[in-house]
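Chains as they are written, first to last, in the numbering used here: chain A, 1 to 222; chain B, 1001 to 1222. For glycine and all other residues, C-beta sits at the position ideal for the given N, C-alpha and C. One structure is given below, encoded as structure tokens.
Number of protein chains: 2
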Amino acid sequence: MTKKYSPKDVSGRIVARLALYLGILKDLEKVQPEINSIELAQRMNTTAVQVRKDLSTFGEFGVRGKGYSVSALIREIESILGIDKENEVILIGYGHVGKMIACNTNVLGKGFKLTAVFDKDSRKIGKEIPNLNIKVSDASKCLEYIEKNKVHTVILAINAEYAQVVANQLIHSGVEAILNMTASKLELNSNTAVVNADISAKLKELNFWRINPELRGGINFD
Amino acid sequence: MTKKYSPKDVSGRIVARLALYLGILKDLEKVQPEINSIELAQRMNTTAVQVRKDLSTFGEFGVRGKGYSVSALIREIESILGIDKENEVILIGYGHVGKMIACNTNVLGKGFKLTAVFDKDSRKIGKEIPNLNIKVSDASKCLEYIEKNKVHTVILAINAEYAQVVANQLIHSGVEAILNMTASKLELNSNTAVVNADISAKLKELNFWRINPELRGGINFD
DNA sequence: TAGATTGTTAATCGATTAACAATC
DNA sequence: TAGATTGTTAATCGATTAACAATC
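Here is the structure:
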């Protein structure tokens, strides 16, 4: 059950690609039952060898001479990413970004369930969140909630200037993973996982590639 | 004025880091006028050598024996990323994600101005966007608008299943850059720049690192 | 001049690709 | 068995790091 991958074989790039493979496979699921590395590579804008190498890092999922079963591969990748079960997450910050995440269950995707939302603004506290059966709670109760409910994943959607302070508190409370939606780069000497999903940074990257078309030789600049 | 960097020296990673350096420097601007590569590296969770290498790819911005001027470095990086001037962008899709972007000018950050918003839903068309002086337009007018106004950058925040079709049309209309907020991986044989900013993919990555703490040896898994 | 820190050239490390053996 | 396509081992390529020369 508990698969063991070697640290030297799993890189950040591979994990990022895994999430992309999954997206492609989900699109494909209704249309065709099987796929080979060549076609998957085309859709990923990469090479067939990389597809096979990536997948084989985690196990032998294909059938030689044939290819991969789309549905089986989806299940494998979901299992690798730990989204075959439902993971509880909480959201801190109910501003524009927070609201978008809270009001749109699609945004989180399969495997994640939003169980609580916190904000420090008294005008927002107590507001009902559409579709989910929860209300915005007072941010001052947040750490208590985390410890009581053993929350392991937090989406941080607060003002950038408070991000570092709040993150420190979260880690102290035992949080293992933070999705950082703020423009602030979090400094964490602990072993908490942090992934940045700040839109403005992405837009800046994009703009660089736009104004320097001659530099986008390589295929991948996600 | 027009700086020329060699393609072999500029990688996607460097550009991504550039946007992060900028964020750190902006935080720092009010607090201290100068910084050296050692301190900047600490805040970035990387090494001083990498900081210097990254920056020197684009020019000589530092003073030997001293370090870098925070404000000058900010200006340089903004210039490299092309956000020292205002770039017009349009938004396609006024659902939860689109609304979040349109209603929150902060989200785009410096250097970008939202000039038009499109949606195909007749209930949304005509709606006034708070703070910006624009209304949601009919998506059917979108391509015409792009061609007329020479729009080069589009934020795509529509349903994943339409993403590929719309992207093809955008490229045909001369769009140079797409910020893809959808969960769909866009296949583009043209030389349009695309950067993905799908939140659910990031959350999946994050979850992998959470459940495999022994694999997060390296510092950087953004 | 001595001390500090940058920018660059060379060495190492890691990730991608090529070649091929395994097997359906 | 022949054809196809996977999974893996070895070779190449690119990115990071180390060493050091430049210079404030």
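What are the residues of the segment 1117 to 1129 of chain B that lie near chain A, defined by any Cβ-Cβ distance shorter than 8 angstroms? Among the residues of the segment 1117 to 1129 of chain B, none has a Cβ less than 8 angstroms away from any Cβ of chain A.
Could you please give the first and the last residue of the uninterrupted beta strand (DSSP E) stretch that includes L1091 of chain B? Counted as a single uninterrupted DSSP element, the beta strand (DSSP E) harbouring L1091 of chain B occupies residues 1087 to 1092.
Alpha carbon to alpha carbon, what distance is there between G1126 of chain B and F1221 of chain B? Low confidence applies to F1221 of chain B: its pLDDT is 49, below 50, so where it sits in the model is not reliable enough to give any reading.
Less than 8 angstroms separating the beta-carbons of I1035 of chain B and V1063 of chain B? The beta carbons of I1035 of chain B and V1063 of chain B sit no closer together than 8 angstroms.
Cβ-based neighbour list, K1080 of chain B, same chain, cut-off 7 angstroms, excluding 5 preceding and 5 following: For the sequence presented, residue 1080 of chain B should be read as Ile rather than Lys. So the list reads L1018, F1058, once near-sequence residues are dropped.
Within 10 angstroms of its Cβ, does E76 of chain A collect 16 or more other Cβ (buried), or is it exposed? Buried, since its Cβ has 16 or more Cβ neighbours within 10 Å.
List the residues of chain B whose Cβ lies closer than 9 angstroms to the Cβ of T153 of chain A, in chain order. Per Cβ cutoff of 9 angstroms: L1203, L1206, N1207, R1210.
Is the Cβ of K1113 of chain B closer than 8 angstroms to any Cβ of chain A? Chain A contact via Cβ: absent.
Below 8 angstroms on the Cβ atoms is my contact criterion, and I expect F112 of chain A with L1055 of chain B to pass it. Report the Cβ-Cβ distance as a whole number of Å. F112 of chain A to L1055 of chain B, Cβ: 37 angstroms. No contact.
Going by the C-beta, is R75 of chain A closer than 7 angstroms to any heavy atom of the ligand SAH? With respect to the ligand SAH, the structure offers nothing, as it holds no ligand at all.
Beta carbon proximity, E176 of chain A to chain B, threshold 8 angstroms: A Cβ of chain B is located within less than 8 angstroms of the beta carbon of E176 of chain A.
Between D1084 of chain B and chain A, is any beta-carbon pair separated by less than 8 angstroms? No - not a single Cβ of chain A is within 8 angstroms of the one on D1084 of chain B.
How many whole angstroms separate the CB atoms of A177 of chain A and R1210 of chain B, which I take to be in contact at a CB cut-off of 8 angstroms? Contact flag correct, Cβ pair sits at about 4 angstroms.
Flag this pair as touching only if the segment 1138 to 1158 of chain B and the segment 1086 to 1104 of chain B have three or more C-beta atom pairs under 8 angstroms; answer yes or no. In this structure the segment 1138 to 1158 of chain B touches the segment 1086 to 1104 of chain B; the number of beta carbon pairs closer than 8 angstroms is three or more.
So which of A:G82, A:K85, A:I74, A:L132 has the shortest CA-CA distance to A102 of chain A? That would be A:L132, whose Cα lies nearest to the Cα of A102 of chain A.
Limits of the unbroken beta strand (DSSP E) element including V1117 of chain B: First-last of the beta strand (DSSP E) with V1117 of chain B: 1112 to 1119.
When the Cα atoms are used, what is the spatial distance from V1117 of chain B to H96 of chain A? The straight-line gap from Cα to Cα measures roughly 17 angstroms.
Please list the terminal residues of the continuous beta strand (DSSP E) segment that includes V151 of chain A. Counting along the chain, V151 of chain A sits inside no beta strand (DSSP E), nor does DSSP assign it H or E at all.
Using DSSP with H/G/I as helix, E/B as strand and the rest coil, what is E1176 of chain B? E1176 of chain B falls in the coil class under three-state DSSP.
Determine the closest residue to A160 of chain A out of A:V107, A:T46, A:Y68, A:N196, with distance taken between C-alpha atoms. Put simply, of A:V107, A:T46, A:Y68, A:N196 the residue whose alpha carbon is nearest the alpha carbon of A160 of chain A is A:N196.
Give the straight-line distance between the Cα atoms of V1175 of chain B and Q1164 of chain B, rounded to the nearest whole angstrom. Taking C-alpha positions only, V1175 of chain B is separated from Q1164 of chain B by approximately 14 angstroms.
For V1237 of chain B and N212 of chain A, what's the separation of their Cα atoms in angstroms? With chain B represented from 1001 up to 1222, any question about residue 1237 of chain B goes unanswered, as that position is not in the structure.
Against chain A, with Cβ distances strictly below 8 angstroms, would R1216 of chain B count as a contact? The beta carbon of R1216 of chain B falls within 8 angstroms of a beta carbon belonging to chain A, placing the residue at that interface.
Leaving out five residues on either side along the sequence, give the residues of the same chain with a beta carbon under 6 angstroms from the beta carbon of S173 of chain A. Correct list, in chain order: L143, I146, E147.
Near T47 of chain A, what residues of its chain come up, given a Cβ to Cβ distance below 7 angstroms and the 5 sequence neighbours on each side ignored? Contacts found: A41.
Examine chain A for any beta-carbon lying closer than 8 angstroms to the beta-carbon of A1019 of chain B, and answer yes or no. Using a CB distance cut-off of 8 angstroms, A1019 of chain B counts as an interface residue toward chain A.
If we count the other Cβ atoms within 10 Å of its Cβ and call it buried at 16 or more, is R123 of chain A buried or exposed? In summary, R123 of chain A is exposed, with fewer than 16 beta-carbon neighbours lying within 10 Å of its beta-carbon over all protein chains present.
Using only CA atoms, which one of A:F61, A:D198, A:V51, A:K66 lies nearest to R13 of chain A? Residue nearest to R13 of chain A within the set A:F61, A:D198, A:V51, A:K66 is A:V51 (criterion: CA-CA distance).
Go ahead and pull the three-state DSSP assignment for V1194 of chain B. It is a strand residue.
Looking at the secondary structure, which residues open and close the alpha helix (DSSP H) in which S56 of chain A lies? First-last of the alpha helix (DSSP H) with S56 of chain A: 48 to 56.
Residues near D1138 of chain B by beta carbon distance below 6 angstroms, same chain, minus five either side: I1125, listed in sequence order.
Counting C-beta neighbours from all protein chains within 10 Å, is the total for G98 of chain A 16 or more, i.e. buried, or is it exposed? G98 of chain A should be labelled buried.
Is E1128 of chain B helix, strand or coil by DSSP? Strand.
Which residues of chain A have a Cβ atom closer than 9 angstroms to the Cβ of L1055 of chain B, listed in chain order? Simply none; closest approach about 14 angstroms.
Length of the line joining the Cα atoms of L1028 of chain B and S1140 of chain B: In a straight line, the C-alpha of L1028 of chain B is about 45 angstroms away from that of S1140 of chain B.
Which whole-angstrom value is the C-beta distance of A201 of chain A and E1205 of chain B, which I expect to be below 8 angstroms? Not confirmed; about 16 angstroms, so no contact.
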